[in-house]
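What follows is one structure encoded as structure tokens, with my remarks underneath.
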Amino acid sequence: MSGRQLPRHPTQSVMVGGIRMGGAAPVVVQSMTNTDTADVAATVEQVVQLAQAGSELVRLTVNNEAAAAAIPLIREGLARRGLDVPLIGDFHFNGHRLLADHPACAEALAKYRINPGNVGSGDSKDSRFASMIETACCYHKPVRIGVNWGSLDQTLVAKMMDENARASEPLDAEDMIHEIMVTSALESARRAQELGMAADKIVLSCKMSGVQDPIA
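Counting along the sequence shown from 1, when you hit position 25 you're at 25 in the UniProt record's numbering, and nothing is skipped either side.
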């Protein structure tokens, strides 16, 4: 195996709690719990195990009221164990409401994960996304805008597919999916900045089933 180092693409660094990611910082290891987040004791124990195994960031699903209420208790439990590992909140359709209804959760998390395809559609999507960004700005938290090929914004998909069909040299369907994913991430980042979020508070992610797809 070659020891040759590949050049890194220059990126904006982002502070997540006390951990710097991107820029010239070393690659950061993140893992995710598979416990019921509402089970505080089990989740604290798993976060401890993940941190001891080398995870520098830990993501937890925040999918309902009980999970949101548990986040500050998990943070407190980790502090009692002497751990300050940053916790990432993985939100879906109801993240805007959970963050608004549970300010202690919004404060305890080090970063919010938003999937533009999972925050509604049409006007409701825009208002829900805006609500989450505004909460992040209020608490000075970074966000990860994570686009998945399996949950793309169908309005954007239809629009770009129609435009491609009318093009003189249309791309094939696979290439178009790549284009749509990148466009979704960049448009969401631009909208976040329009809402007041600084560039050094935004992490972008495009996730596909084929490992080489987002690289190519």
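Each residue gets a CB set at the ideal place from its N, CA and C atoms; glycine is no exception.
Taken through DSSP and simplified to helix, strand or coil, Met32 comes out as strand. Under the DSSP assignment, Ser205 falls in the beta strand (DSSP E) whose first and last residues are Ile202 to Lys207. In terms of CA proximity to Pro86, Arg75 leads the group Ala167, His96 and Arg75.
Gly146 carries a strand assignment under DSSP once its states are collapsed to helix, strand and coil. Only exposed fits Cys138, as fewer than 16 other CB atoms lie within 10 angstroms of its CB. Nearest to Asn148 by C-alpha distance, out of Arg128, Val119 and Ile19, is Val119. Between the alpha carbons of Gly18 and Leu60 lies a distance of about 18 Å. Pairing Met176 with Cys206 gives a Cβ-Cβ distance that is not under 7 Å.
Annotation for Thr37: Thr43, Leu60, Thr61, Val62, Ala67 and Ala70 place their beta carbon closer than 7 Å to its own, counting only its chain and skipping 5 residues before and after. Beta-bridge analysis with DSSP links Ile114 to Ile145.
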